[in-house]
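Written out below as structure tokens is the structure these notes cover.
Right under this line is the structure:
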């Protein structure tokens, strides 16, 4: 009798690593493991950890490893199978990850950055199924995205396609980490929302009760304000929090409308923590995108369905192509 | 001896129509004809005119018509071969142009809107050759664009891809024909430049001599100011004209930078009358795009080389695929 064949899907996140074992054609994880990175972890730690995790899964499930799919939390050169760098973890510069995994496990390896992998995951198994073209946008601490066009990840000439987070939506607006002002990310991401709420705490346009209330919910420490806290306060009727969240939703909607005009995708899928900010946020995002997009374009903006696992599912889809 | 085979390339413009006859594989026009539309021309006039023009070319050059490529100045449904409408000429609504041309000439027909056709033309025969991905933008009276990705026109889900002209670059900015404010087209197109120059004529930030001078060059009639006139005045040192043109170039650069972040094309090709505004305009467009695009993306912005003939060349490329 032939041994079972497996796909190994690996997600190298900034703070946690996931490995999953899948039987091709069966769209469930047979087994998986997760490891949270300790503070100060470097590329060597990440690689050793992931290899050990994978060997554990494989030794507990005897069979033949047919292919490996990898999602990496940072820019990669997908063609060469090389990690360019990690913005969070030192030591990843120009790491030939695909070659190392091949040497370790003897199976072919496909690799993508996490935004593209998540896009492919949602397209293959989640909210983007049956679409000819899809823009996936993660609205989390930062804002990034990925394209699936005609069933393939669109990488762009330098592997950078989908990076709408640093498009200037509001010239002269909030300062961004990239050095520009008014970027989509600075105005609408998790950190952007928190920063705006902090800045507006001293703005007398809003009732003192709401300003004091928001600060109190952060334990009196402005720096402890998060997007999640702003969303909760907005839902509870805090006018300052609501204005911050509405503003963020509007800028995001404008950004998506612009992307729709440019590429006219069949569907836009939104993932990431900020998308859990409630119905009002979704409504404003959709209405603003519709207003900014040309009337002849469809505007179909839906929530991602795979959550934090989207990159793992995407790694699985990447590996399927190698079979 | 076999008769010569021909491709017929047709460009239905808003104000003029071009037909060209080409021998497949020979990248020159064997014969061509042009007709300028009289004021008040409608779809029936345009169609009769073009059919007559084509029959003339064919009767003067005996042979076999192998395929027809069509560029149309307005939205089309390329899949069904149907013109949706013309924004300039009445009577084109839902016109089955491909089917009519097939019935008339007995050869297979491929059809595209003029922005996509021009993009394909530049990609196949002009400034976009040897590119895996290209954004073509025409900066003329209006601003429109088209994508060629992996050698194919990217139409989008509703045939609207490339319509970056109505992306809001400057919230609260100049009013656009589309009803929004601060669109790329309102800030950077030919009519946008002319409108801005008119609006700034009464702005005392610029020396009275330059304001009066610009008005004098338009024969004392503000409504006679054109983008071409503004560019000429800017080149001659008029500070108001220069500021208008610089501002337009900057907004365009920001729009291109945003498109580059989103899709990371290998090259951006700019056509249209406004691109003849001089070196300073090009320099500002390129520098601003570079500043807005992420550092990891290439920013290669070059002039189109086919001029007004780009849609005809694109129609020719469309037809080649049918052979």
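Residue numbers (the numbering used here), protein chains in the order written: chain A, 993 to 1315; chain B, 993 to 1315.
Just so you know, even glycine gets a beta-carbon here, dropped at the ideal spot from N, CA and C.
Straight through space, the alpha carbons of residue 1006 of chain A and residue 1077 of chain A are spaced by roughly 12 Å. Around the beta carbon of residue 1122 of chain A, a 10 Å sphere encloses fewer than 16 other beta carbons of the protein chains shown; the residue is thus reported as exposed. Here the stretch 1032-1039 of chain B makes no contact with the stretch 1289-1303 of chain A; the two share fewer than three CB pairs at distances below 8 Å.
Taking 8 Å as the cut-off, the beta carbon of residue 1070 of chain B is found closer than this to the beta carbon of residue 1103 of chain B. If one requires a minimum length of 4 residues, the alpha helix (DSSP H) runs lying completely within the stretch 1147-1222 of chain A are 1176-1180, 1182-1192, 1200-1209, in chain order. Residue 1311 of chain B and residue 1060 of chain B do touch by the CB rule: their CB atoms are close to 6 Å apart, below 8 Å. Only 1124, 1125 from the stretch 1121-1134 of chain A bring a Cβ to less than 8 Å from some Cβ of chain B. At a beta-carbon threshold of 7 Å, the residues of chain A lying near residue 1155 of chain B are 1253, 1286, ordered along the chain. The continuous alpha helix (DSSP H) containing residue 1051 of chain B extends over residues 1035-1052.
A check of alpha carbon separations from residue 1008 of chain A across A/997, A/1002, A/1026 identifies A/1026 as the nearest. Closest in alpha carbon position to residue 1278 of chain B, among B/1079, B/1292, B/1287, B/1265, is B/1292.
Boundaries of the beta strand (DSSP E) harbouring residue 1295 of chain B: 1293-1295, taken from the DSSP string. Contact check between the stretch 1203-1212 of chain B and the stretch 1253-1260 of chain B: fewer than three CB pairs, one atom from each, fall below 8 Å, which does not count as touching. The DSSP assignment places complete beta strand (DSSP E) segments of no fewer than 3 residues inside the stretch 1245-1297 of chain A at 1259-1263, 1293-1295, in order along the chain. In this structure, residue 1296 of chain A keeps its C-beta atom at 8 Å or more from the C-beta atom of residue 1177 of chain A. Proximity of chain B to residue 1057 of chain A at the Cβ level (cut-off 7 Å) is not reached, the minimal Cβ distance being about 32 Å. Secondary structure note for residue 1003 of chain A: it is in no alpha helix (DSSP H), and the uninterrupted beta strand (DSSP E) holding it is 997-1004. Counted as a single uninterrupted DSSP element, the alpha helix (DSSP H) harbouring residue 1113 of chain B occupies residues 1106-1117.
For residue 1135 of chain B and residue 1162 of chain B, the gap between their C-alpha atoms comes out near 16 Å. Residue 1246 of chain B and residue 1284 of chain B do touch by the CB rule: their CB atoms are close to 5 Å apart, below 8 Å. The alpha-carbon separation between residue 1236 of chain A and residue 1229 of chain A amounts to approximately 12 Å. Contacts with chain B at 8 Å (Cβ-Cβ) include residue 1289 of chain A. Closest by C-alpha distance to residue 1044 of chain A, out of A/1133, A/1105, A/1000, is A/1000. The beta carbon of residue 1282 of chain B sits no closer than 8 Å to any beta carbon of chain A. In the three-state scheme derived from DSSP, where H, G and I count as helix and E and B as strand, residue 1056 of chain A is classed as strand. Ranked by how close their Cα comes to the Cα of residue 1309 of chain A, the residues A/1118, A/1112, A/1160, A/1170 have A/1112 in first place. For the pair residue 1227 of chain A and residue 1188 of chain A, the Cα-to-Cα distance works out to about 17 Å.
When only Cα atoms are considered, residue 1089 of chain B and residue 1073 of chain B end up about 6 Å apart. Of the candidates B/1028, B/1222, B/1272, B/1028 places its Cα closest to the Cα of residue 1042 of chain B.
Of all alpha-carbon atoms in B/1276, B/1046, B/1018, the one lying nearest the alpha-carbon of residue 1094 of chain B is that of B/1046.
For residue 1307 of chain B, there is no enclosing beta strand (DSSP E); the residue is part of the alpha helix (DSSP H) that begins and ends at 1302-1312.
When beta bridges are read from the DSSP output, residue 1013 of chain A appears opposite A/1000, A/1023. For the C-beta of residue 1241 of chain A, not a single chain B residue is nearer than 9 Å; the gap to the nearest is close to 15 Å.
Within the stretch 1253-1267 of chain A, contact with chain B at the beta-carbon level (separation under 7 Å) is assigned to 1253, 1254, 1255, 1256, 1257, 1258.
By the rule that beta-carbons nearer than 8 Å mark a contact, residue 1158 of chain B touches chain A.
Residue pairing by DSSP puts residue 1127 of chain B in a beta bridge opposite B/1139, B/1260.
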